[in-house]
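What follows is a short report on a single structure.
There are 2 protein chains.
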Amino acid sequence: MPARPRINLKTLAEYLGLSITTVSRALKDGPEVKPDTVARVKEAAASLGYLPDAGGVYLRTGRTMKICSIFYAPEVADYGDAGFLAQVEGVSRTLETDSYNLIVLAQTANQSPLETVRRVLQQRLADGVIFSRTTPMDERARFCLEFKFPFVSFGRTELHSPHAFVDHDDEGGVYDAVMRLAADGHKRIALFNPAGGMTYAGFRLRGYQRALADLGLPWDRSMLVTSPLSVWASQDAVRDLLTRDTSVTAIVCANQLSMSGAMEAALEQGIEPGRDGLRIIGFGGMPFRMPFEQGVTYYYQPQRRDGEVLARHMLALLGGEPAENLQTVLPYQRIDDLRRFRLDLRERAVGRSAADINGPTASG
Amino acid sequence: MPARPRINLKTLAEYLGLSITTVSRALKDGPEVKPDTVARVKEAAASLGYLPDAGGVYLRTGRTMKICSIFYAPEVADYGDAGFLAQVEGVSRTLETDSYNLIVLAQTANQSPLETVRRVLQQRLADGVIFSRTTPMDERARFCLEFKFPFVSFGRTELHSPHAFVDHDDEGGVYDAVMRLAADGHKRIALFNPAGGMTYAGFRLRGYQRALADLGLPWDRSMLVTSPLSVWASQDAVRDLLTRDTSVTAIVCANQLSMSGAMEAALEQGIEPGRDGLRIIGFGGMPFRMPFEQGVTYYYQPQRRDGEVLARHMLALLGGEPAENLQTVLPYQRIDDLRRFRLDLRERAVGRSAADINGPTASG
DNA sequence: GGCATAAATCGAAACGTTTTGGATTGTGCA
DNA sequence: TGCACAATCCAAAACGTTTCGATTTATGCC
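Line by line, the protein sequences are chains A and W. Residue numbering for the first sequence follows the UniProt record's numbering, beginning at 1 and increasing consecutively. Residue numbering for the second sequence follows the UniProt record's numbering, beginning at 1 and increasing consecutively.
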């Protein structure tokens with residue numbers, strides 16, 4: 001093992017001719033320490049390069065100074081990143097402002113969602129956890145609430161107990177999408193929702209039904225497609241839909257993978273995706289290139305900004321803020337011209353300003 | 001903070017009527033502990049749910065039981081993941097077999113590569129570090145060698161001191177690509193190499209030049225394109241090439257983002273990418289859909305398997321294995337029919353076997 | 001100068017685990 | 001039974017930091 005940092009509280013105390021206690025207290029702005037002494041201690045610590053040893057702090061206080069973010073490997077690792085790493089960057093950069101570091105754990109296909117969270121708590125891997133793909137009665141949320149393990153979910157639950165979350169306005173997004181499609185003359189609009197019983201699917205269905213009701217359009221159950229969100233599964237599901245119902249003229253997709261799958265399926269059926277064929281609208285955090293982009297509308301969630309909000313809520317939670325105050329529903333940013341948007345992203349990338357990359361509606 | 005696990009060495013020792021020392025020794029198969037006692041202690045530990053407290057272990061031994069993997073945010077987070085999360089899954093799953101956990105850190109655009117590594121060491125965030133995008137005289141590798149900080153690089157350096165690495169056979173891959181293009185009649189073959197002075201660019205250039213020499217084709221410097229690897233930068237660079245030289249019939253691209261960029265640029269010039277127009281070959285770990293796939297050859301690096309090898313080298317290094325024995329160059333797996341390959345991946349995904357997803361040449 | 005009080009600093013113990021070296025117990029032989 | 005040696009177990013200290021409560025120093029008043 002490499003040598004330990006040579007400066008610890010003991011050496012610092014010896015250097016200053018003070019006790020370890022006083023030095024520790026001074027570094028934490030203890031009110032019973034003379035301001036003179038505080039300044040002297042801090043100056044010496046800075047000039048000697050003292051860094052607190054996280055292990056010592058943990059053993060005494062029980063605080064690991066780590067937050068764990070869990071990603072669902074089958075969804076992310078095989079088919080491309082839907083923005084998780086952008087979120088990781090946002091989370092970790094924000095945590096660092098409070099000396100926290102982010103641990104990333106993969107939940108593989110053969111693990112239950114709860115197993116990974118349980119492990120984080122049992123092994124004291126982190127002071128709190130961030131997880132997504134929430135369900136209405138999410139067992140992880142219930143576990144964390146029961147054991148008082150701090151967490152911020154990316155997505156809501158329907159639990160009565162308040163807890164911290166960051167989510168997007170799925171109901172509003174789908175409502176907007178359907179209203180716009182209807183304004184373009186579409187009457188046979190399908191909704192593609194994710195399989196897995198996630199909470200956000202409910203919000204999306206609600207937005208869909210509300211828009212239909214407001215439009216005076218009938219609610220036709222066969223217009224609801226439910227499927228896992230891989231390109232392949234999406235392609236299958238949309239193929240089925242288009243085969244059994246040729247009157248469908250538009251699909252509101254769950255994410256960009258399912259948008260790609262829907263485009264593939266349309267091509268298979270000899271239908272051109274886009275404004276003149278099958279109209280495709282979708283959601284997501286990574287506007288990378290899809291088979292077709294013209295006539296595609298994309299509801300964008302800037303994941304880096306999302307990550308920052310997640311981290312801020314987590315820090316506030318750890319600082320004692322009540323969870324009721326840490327519940328944020330962020331708007332989607334609608335992109336009607338994906339190509340233009342990606343060009344804009346490109347120009348901003350040249351400027352290399354991370355804050356700008358989050359888009360003009362970033363209010364974080 | 002949540003309560004600490006209630007079972008520690010003290011409670012276990014009291015339960016067994018032994019000293020803390022003996023219990024600790026027994027759990028580690030200490031040779032001076034009676035086999036009877038060892039078995040008794042282990043059984044009690046298992047049934048009472050004893051888990052060692054990582055903080056206590058760290059404070060005494062200096063071992064954090066964590067490995068840190070650093071990703072370069074601008075390359076990964078903005079433009080989509082080139083397989084990093086698949087690698088994360090492979091690394092973390094393999095580390096877990098030795099009770100290690102993976103920390104993922106983002107190196108942002110305004111940080112130097114060394115800064116993140118230095119921080120990991122100074123703050124004792126991990127026992128070792130994994131980083132990629134190595135340069136020939138990589139300052140991170142030199143730093144780690146100087147301070148004896150264990151590391152495994154994903155990519156080689158040209159440093160004299162031996163160190164552990166996992167890399168792909170870039171020279172062999174490009175050699176193979178050029179030979180095959182030549183066998184198809186191509187004589188004006190461009191090489192698209194990454195900007196940034198990374199070691200692997202040298203290997204690729206070497207493979208390119210060696211193939212040309214073996215083929216008796218002239219080495220024309222204008223056939224070498226160097227650019228950052230975003231879709232946008234790639235598109236620009238290939239546009240420049242095609243504008244100034246219309247005789248180019250094939251490009252060996254650095255990764256699939258640059259393949260996409262090259263396809264975009266070809267389309268701009270009214271050239272059809274593929275077997276009858278501009279032939280495009282590339283490398284990468286994430287065979288997601290590109291604008292064109294017919295006539296495209298893809299040298300695939302299965303990142304999950306790569307991650308497993310990285311983790312095994314790291315564990316061996318920490319276990320005292322000399323770095324000279326931990327240097328692995330993995331072959332690329334050539335995919336001539338991307339569409340077929342993705343269908344195969346899909347079928348395997350249905351089977352949900354992670355080992356199979358790495359492909360038939362996985363020798364890991 | 002002595003006393004009371006406040007300000008400032010300090011010693012000791014705690015957190016969980018590992019490891020060195022000592023103490024205790026068991027065994028074999030004269 | 002006593003001695004020497006091996007097997008087995010144990011006490012104490014270390015790691016770095018925080019925090020409780022005690023001790024020391026400084027200040028103001030009579």
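Just so it is clear, CB atoms sit at the ideal spot from N, CA and C, and this is done for glycine as well.
Neighbour-count burial assignment, residue i, 16 or more Cβ in a 10 Å radius
i, result
"A:Glu268", "exposed"
"A:Gly30", "exposed"
"W:Phe147", "exposed"
"W:Ser69", "buried"
"W:Pro194", "buried"
"A:Asp184", "exposed"
"W:Gly173", "buried"
"A:Lys34", "exposed"
"A:Thr21", "exposed"
"residue 396 of chain W", "Lying before the first or after the last residue shown, residue 396 of chain W is absent from chain W, which here runs from 1 to 364."
"W:Thr116", "buried"
"A:Ala177", "buried"
"A:Glu171", "buried"
"W:Ser234", "buried"
Sheet register partners of residue i (DSSP bridge)
i, result
"A:Thr328", "A:Val166"
"W:Gly196", "None, per the DSSP bridge assignment."
"W:Asn255", "The partner list for W:Asn255 (beta bridge, DSSP) is empty, contrary to what the question assumes."
"W:Thr297", "W:Ile281"
"A:Gly128", "A:Ile67"
"W:Val152", "W:Ile130, W:Ala164"
"W:Gln333", "W:Tyr300"
"W:Thr226", "W:Asn193"
6 Å CB neighbourhood of residue i in its chain, flanking five on each side removed
i, result
"A:Ala109", "Pro74"
"A:Pro331", "Asp169"
"A:Val38", "Ala26"
"A:Gly295", "Gly274, Arg275"
"A:Gly307", "Gln87, Gly90, Val91"
"W:Pro228", "Ala195"
"W:Glu293", "Leu338, Arg339"
"residue 416 of chain W", "Because chain W spans 1 through 364 in this model, residue 416 of chain W falls outside it and cannot be assessed."
Same chain only: Cβ atoms within 8 Å of residue i, ignoring 5 sequence neighbours per side
i, result
"A:Ile335", "Pro287, Thr297, Tyr298, Tyr299, Tyr300, Phe341"
"A:Thr157", "Thr134, Thr135, Pro136, Met137, Asp138, Ala141, His163, Phe165, Thr199"
"A:Arg239", "Ala265, Glu268, Gln269"
"W:Met290", "Gln256, Met259, Ser260, Met263, Val296, Leu338"
"W:Thr64", "Ala54, Tyr58, Arg124, Leu125, Ala126, Asp127"
Distance, residue j Cα to residue i Cα
i, j, result
"W:Asp138", "W:Arg118", "14 Å"
"residue 369 of chain W", "A:Thr246", "Absent from the structure is residue 369 of chain W, since the part of chain W shown begins at 1 and ends at 364."
"A:Ala265", "W:Met198", "40 Å"
"W:Ile251", "W:Pro273", "10 Å"
"W:Met223", "W:Gln333", "25 Å"
"W:Phe151", "A:Leu121", "28 Å"
"W:Leu59", "W:Arg206", "48 Å"
"A:Pro302", "A:Gly285", "6 Å"
"A:Gly364", "W:Glu43", "Bear in mind that the predicted position of A:Gly364 carries a pLDDT of just 24, short of 50, making it too unreliable to give a figure here."
"A:Gly216", "A:Ile281", "21 Å"
"W:Tyr50", "W:Ser99", "14 Å"
"W:Val57", "A:Trp232", "46 Å"
"W:Arg204", "W:Arg210", "10 Å"
"W:Ile357", "W:Leu85", "Interpretation of W:Ile357 is limited by its pLDDT of 37, a score under 50 that renders its predicted location unreliable; the figure taken from the coordinates is listed afterwards. Going by the C-alpha atoms only, they are around 14 Å apart."
"W:Gly319", "W:Gly17", "34 Å"
"A:Thr94", "W:Tyr175", "45 Å"
"A:Val104", "A:Phe71", "7 Å"
"A:Lys66", "A:Leu181", "45 Å"
"A:Leu278", "W:Val329", "47 Å"
Chain-order list of residues whose beta-carbon lies under 7 Å from that of residue i (same chain, five-residue window excluded)
i, result
"W:Asn8", "Asp53"
"W:Leu241", "Ala190, Val225, Val248"
"A:Lys187", "Leu217"
Contact residues within the region 101-135 of chain W, judged by C-beta distance below 9 Å to chain A: Asn101, Leu102, Ile103, Val104, Leu105, Ala106, Thr108, Ala109, Asn110, Leu121, Gln122, Gln123, Arg124, Leu125, Asp127
Relative to chain A, which residues along the region 310-323 of chain W have a C-beta separation below 8 Å, given in chain order? none
Between the UniProt domain "HTH lacI-type" (7-61) of chain A and chain W, which residues of the former have a C-beta closer than 8 Å to a C-beta of the latter? Leu51, Asp53, Ala54, Gly55, Gly56, Tyr58, Leu59, Thr61
Looking at chain W, which residues of the region 166-189 of chain A have a Cβ within less than 7 Å of any of its Cβ atoms? none
Residues of the region 200-217 of chain A in Cβ contact with chain W at a cutoff of 8 Å, in chain order, please. Within the region 200-217 of chain A, no residue has a Cβ that lies closer than 8 Å to any Cβ of chain W.
Any residues in the region 89-101 of chain A with a beta carbon nearer than 8 Å to a beta carbon of chain W? Which ones, in chain order? Glu89, Ser92, Arg93, Asn101
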